[in-house]
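Undergrad: Okay, handing you the structure first.
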Amino acid sequence: MILFVIRRLILIVPTLLGLLVLTFMMLRMGAGDPAAAIAGDNATPEQIARIREDLGLNDPLVIQFWDYLSHAARGDFGVSAYTNRAVGADIALRLPATLELTFFALLIAAVFGIAFGTLAGVWRNSVFDHVTRVVSVAGLATASFWFAIMLQLIFSMDLQVLPLRGRLPTGMPPPPFITGSYVIDALFTGRFETAWEALRHIILPAFTISLGGLATVARFTRSSVISSMQSEFASYERAVGYPERRVVLPYVLRNSLVTPVTQIGLLFGAFVSSAVAVEAIFDWPGLGSYLVNAIFTSDFQAVLAVTLVIGLVYGIVNIVVDLVHGLLDPRVAERM
Amino acid sequence: MPLLRKLARDVPAVMGFVIIIVALILAAFPGLFVEDIARVNRGNILYRLQPPSAEFLFGTDDLGRDIFARVILGTRPAIEIALSVVALSMAIGIPLGLAAGYLGGWISGTVMRLTDVFLAVPQLILAIAIAQILGRGAESAMIALAATYWPFFTRTVYAETQRVRSQLFIEALEGIGMGRRRIMLLHILPNIAAPVIVRATVGMGFIILTAAVLGFLGVGATPPSPDWGLSISEGRKYLPEQWWYATFPGLAILVLVLGFNLLGDGLRDLVDPKLRRLR
Chain R
34 MILFVIRRLI
44 LIVPTLLGLL
54 VLTFMMLRMG
64 AGDPAAAIAG
74 DNATPEQIAR
84 IREDLGLNDP
94 LVIQFWDYLS
104 HAARGDFGVS
114 AYTNRAVGAD
124 IALRLPATLE
134 LTFFALLIAA
144 VFGIAFGTLA
154 GVWRNSVFDH
164 VTRVVSVAGL
174 ATASFWFAIM
184 LQLIFSMDLQ
194 VLPLRGRLPT
204 GMPPPPFITG
214 SYVIDALFTG
224 RFETAWEALR
234 HIILPAFTIS
244 LGGLATVARF
254 TRSSVISSMQ
264 SEFASYERAV
274 GYPERRVVLP
284 YVLRNSLVTP
294 VTQIGLLFGA
304 FVSSAVAVEA
314 IFDWPGLGSY
324 LVNAIFTSDF
334 QAVLAVTLVI
344 GLVYGIVNIV
354 VDLVHGLLDP
364 RVAERM
Chain B
9 MPLLRKLARD
19 VPAVMGFVII
29 IVALILAAFP
39 GLFVEDIARV
49 NRGNILYRLQ
59 PPSAEFLFGT
69 DDLGRDIFAR
79 VILGTRPAIE
89 IALSVVALSM
99 AIGIPLGLAA
109 GYLGGWISGT
119 VMRLTDVFLA
129 VPQLILAIAI
139 AQILGRGAES
149 AMIALAATYW
159 PFFTRTVYAE
169 TQRVRSQLFI
179 EALEGIGMGR
189 RRIMLLHILP
199 NIAAPVIVRA
209 TVGMGFIILT
219 AAVLGFLGVG
229 ATPPSPDWGL
239 SISEGRKYLP
249 EQWWYATFPG
259 LAILVLVLGF
269 NLLGDGLRDL
279 VDPKLRRLR
């Protein structure tokens, strides 16, 4: 198992290196001359040439790439043109917010997706099953940024039951940093009012992001439950005379949960993707809204740094998913 | 064709098919449904931000343009971008996947590591970065989406090619001395077409969604394009009073993507009985 983790971690390295090459190429091909951008509109050609020299833009590409690589390895991605601070520091500050949001979205997708999928599978062809199917097909076809706006329209503007934006009401101090999740940190430190407010703020964005995943998990769970309910071991247990509930709850469920759970991990990429626009809509101070700001200010450094960091997190999440898969299914663990 | 008859009995798939046909008609002949196409981008400021009515089914926007007409005209760019992205991705992804799956060796290693790099970041994130660097516009959005979507085709084709390659008839063809290129194009490609078609159908819906996000974030279509994603981002400023502005373009996305997903699901059921939705 440990060997498996180490091997997988080593396998990430060439991929990340490739990603660095890709982002480096994009940075160099990017519109405009970075030296001219720094020098400003009134610079003379000589000044620009000097800045080019200072930035190392006249060096061979290999040396430039090595420079980029060694800076990136230390988390140094230059200074953001928008916040005027180190991009690396900005990202470190904002990453916890995105992780909290995607974690809650995964939680919603897992709990409701598995619940709805199981019930739809057990009560196959019932009204509940049909409604679940229609809703999940529609959920997969919904643009999450539009859904976010519709939820704001209904719950924040019309009914005014949930907050419109942010992680906490203005003026409420965030809880001390433990895990980076406001809800969990506030609970740990006993600030229940803060935890409640943080929870109220996270519901709409997390639900928006989870929508597509919820639908996917429900569909996978449903077909998985149906096929294990028809399997030989289930028929055997029924023949022995176990009541249906005892067949379904312990045996069928355990056997049919492996597929949906691995799906949940694979959904992380989709969640981070929809988090980009959704964070911007809900003013959620995470990587997604940072990326959107970087787009609006043409801040290439920041855009590429976010891309790299998300690539790294994504790689780690995939390893965790494989580990969980092994924990759930001993047959997989043997191959690790 | 017994397969087609089977598909015709699949009610959701037929619904999806009908939606797609209607959308294609709307995209090809918008003039049939919108009286004056030239006026769609001009608008009449006297009719600014009107709620839905008999005259303006979906209301009007901040420039007094008929949102119904703009939603209809937005069908064409949505389908155009999805078609070109899927076609480009197939043009890149299928040959690479075929070569990697059939030839093996270093070609396979290189191609698959390359797809690893592209798949190491969620597609949308990489597409945003590329589109941003190419500069705002529908074309750069298209290139960015194609540049990030081809690995999905390569993966599918690679897996399928490996499955077909080990079959006896390929060995027989090799035995009689047929060239590798001919085997790939004439014998492997037709045998892996079905899953590729499914991938392409579902991919159409997926790209429409992703392209809408790019439009919404301002790295895609530019005003005054009737692009749905762009319209939603413009309409968002007028919430909650003018709710119709952002609502209807989003519904259009929902319906069109639903069409491709329903048809794609139906095709998948036909092609791969193992993945049947067990009805």
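Heads up: the protein sequence lines correspond to chains R and B, in order.
Take the first sequence: its letter number 315 is residue 348 in our numbering, and every next letter is one higher.
Take the second sequence: its letter number 12 is residue 20 in our numbering, and every next letter is one higher.
Ideal placement from N, C-alpha and C gives every residue a C-beta, glycine not left out.
All figures in this text were calculated on a predicted structure; none of them were measured in a lab.
According to the Cβ coordinates, are Thr56 of chain R and Val125 of chain B closer than 7 Å?
TA: no
Undergrad: Alpha helix (DSSP H) containing Glu43 of chain B: first to last residue?
TA: Counting along the chain, Glu43 of chain B falls outside any alpha helix (DSSP H), and DSSP gives it neither H nor E.
Undergrad: Evaluate Thr218 of chain B with the Cβ neighbour count: other Cβ atoms within 10 Å of its Cβ, from every protein chain shown; 16 or more gives buried, anything less gives exposed.
TA: The residue in question, Thr218 of chain B, is buried, as its Cβ has 16 or more Cβ neighbours within 10 Å.
Undergrad: So does the segment 274 to 283 of chain R actually touch the segment 327 to 342 of chain R, counting three or more Cβ pairs closer than 8 Å?
TA: no
Undergrad: Whole angstroms are fine: how far does the CA of Gly113 of chain B sit from the CA of Phe41 of chain B?
TA: Going from the Cα of Phe41 of chain B to the Cα of Gly113 of chain B covers about 55 Å.
Undergrad: Would you mind reading off the limits of the alpha helix (DSSP H) that contains Ser189 of chain R?
TA: Segment: none, Ser189 of chain R is in no alpha helix (DSSP H) and carries neither H nor E.
Undergrad: Any beta-carbon of chain B closer than 7 Å to the one on Gly199 of chain R?
TA: no
Undergrad: Cβ closer than 8 Å: which chain B residues qualify as neighbours of Pro293 of chain R?
TA: By Cβ distance, chain B contributes nothing, its closest Cβ being about 14 Å from Pro293 of chain R, past 8 Å.
Undergrad: So, is Ile184 of chain B buried or exposed, given that buried needs 16 or more other C-beta atoms within 10 angstroms?
TA: exposed
Undergrad: Candidates R:Val294, R:Leu44 and R:Leu90: which alpha carbon is nearest Leu361 of chain R's?
TA: R:Val294
Undergrad: Could you run through the segment 210 to 228 of chain R and flag, in chain order, every residue whose CB is less than 9 Å away from some CB of chain B?
TA: Listed by position along the chain: nothing, the set is empty.
Undergrad: Residues in the same chain with beta-carbon distance under 7 Å from Ala105 of chain R, minus the five sequence neighbours each way, listed in chain order, please.
TA: Leu53 and Leu341
Undergrad: Would you be able to state if there are at least three C-beta pairs under 8 Å between the segment 232 to 248 of chain B and the segment 63 to 73 of chain B?
TA: yes
Undergrad: Spatial neighbours of Ile89 of chain B within its chain, please: C-beta separation below 6 Å, excluding the five flanking residues on both sides.
TA: Met150 and Ala219
Undergrad: Please work out which residues of its chain come closer than 8 Å, Cβ to Cβ, to Val325 of chain R, disregarding the five sequence neighbours upstream and downstream, and give them in chain order.
TA: By the criterion of a C-beta distance shorter than 8 Å, Val325 of chain R is surrounded in its chain by Val309, Ala310, Glu312 and Ala313, once the five residues flanking it on both sides are discounted.
Undergrad: Using 10 angstroms around the beta-carbon of Leu54 of chain B, count the other beta-carbons present and answer buried if the total reaches 16, otherwise exposed.
TA: If you draw a 10 Å sphere on the C-beta of Leu54 of chain B, you find fewer than 16 other C-beta atoms in it, and that means exposed.
Undergrad: On the three-pair Cβ rule with 8 Å, is the segment 240 to 248 of chain R touching the segment 152 to 159 of chain R?
TA: no
Undergrad: Excluding the five sequence neighbours on either side, which residues of its own chain have a C-beta within less than 8 Å of the C-beta of Asn91 of chain R, listed in chain order?
TA: Same-chain partners within the cutoff: Arg85.
Undergrad: Give me, in chain order, the residues of the same chain whose beta-carbon lies closer than 7 Å to that of Ala254 of chain B; leave out the 5 immediate sequence neighbours on both sides.
TA: Ile240, Gly243, Arg244 and Leu247
Undergrad: Name, going along the chain, the residues of the segment 253 to 280 of chain B whose beta-carbon falls closer than 9 Å to a beta-carbon of chain R.
TA: Ala254, Thr255, Pro257, Gly258, Leu259, Ile261, Leu262, Val263, Leu264, Val265, Leu266, Gly267, Phe268, Asn269, Leu270 and Asp273
Undergrad: Taking C-alpha atoms, which residue in B:Leu194, B:Ile191 and B:Gln170 lies nearest to Gly105 of chain B?
TA: Measuring from the Cα of Gly105 of chain B, the nearest candidate turns out to be B:Gln170.
Undergrad: Could you give the distance in angstroms between the alpha-carbon of Phe204 of chain R and the alpha-carbon of Thr227 of chain R?
TA: First, the residue type needs correcting, since residue 204 of chain R is Gly and not Phe in the sequence shown. Straight-line Cα distance between these residues: approximately 11 Å.
Undergrad: In this structure, how does DSSP classify Asp74 of chain B when only helix, strand and coil are distinguished?
TA: strand
Undergrad: For the segment 131 to 152 of chain B, enumerate the residues whose C-beta is nearer than 8 Å to any C-beta of chain R, in chain order.
TA: Per Cβ criterion, the list reads Gln131, Leu132, Ile133, Leu134, Ile136, Ala137, Ile138, Gln140, Ile141, Leu142 and Gly143.
Undergrad: When burial is assigned at 16 or more other CB atoms within 10 Å of the CB, is Asn269 of chain B buried or exposed?
TA: buried
Undergrad: Give the DSSP-derived three-state secondary structure of Val112 of chain R in the structure shown.
TA: strand
Undergrad: Check whether the segment 207 to 224 of chain R touches the segment 259 to 278 of chain R, counting contact only when three or more Cβ pairs, one atom from each stretch, lie closer than 8 Å.
TA: Between the segment 207 to 224 of chain R and the segment 259 to 278 of chain R there are fewer than three inter-stretch CB-CB distances shorter than 8 Å, so the stretches are not counted as touching.
Undergrad: Give a yes or no on whether 7 Å exceeds the smallest Cβ distance from Ile343 of chain R to chain B.
TA: yes
Undergrad: Starting from the beta carbon of Thr165 of chain R, find every residue of chain B whose beta carbon is closer than 7 Å, and list them in chain order.
TA: Here the premise fails: no neighbours, minimum Cβ distance about 12 Å.
Undergrad: Going by C-alpha distance, which of R:Leu286, R:Ser256 and R:Phe253 is nearest Phe266 of chain R?
TA: R:Leu286 is the residue among R:Leu286, R:Ser256 and R:Phe253 whose C-alpha sits nearest the C-alpha of Phe266 of chain R.
Undergrad: Would you say Trp179 of chain R and Gly272 of chain B are within 7 Å of each other, going by their C-beta atoms?
TA: no
Undergrad: Indicate the three-state DSSP secondary structure (helix, strand or coil) for Arg285 of chain B in the structure shown.
TA: Any answer about Arg285 of chain B is weak, because its pLDDT of 45 lies below 50 and its placement is not dependable; what the coordinates show is given next. Note: Arg285 of chain B maps to coil in three-state DSSP.
Undergrad: Could you check what DSSP says for Ala119 of chain R in three-state terms: helix, strand or coil?
TA: strand
Undergrad: Beta carbon of Asp316 of chain R, beta carbon of Gly213 of chain R: below 7 Å?
TA: no
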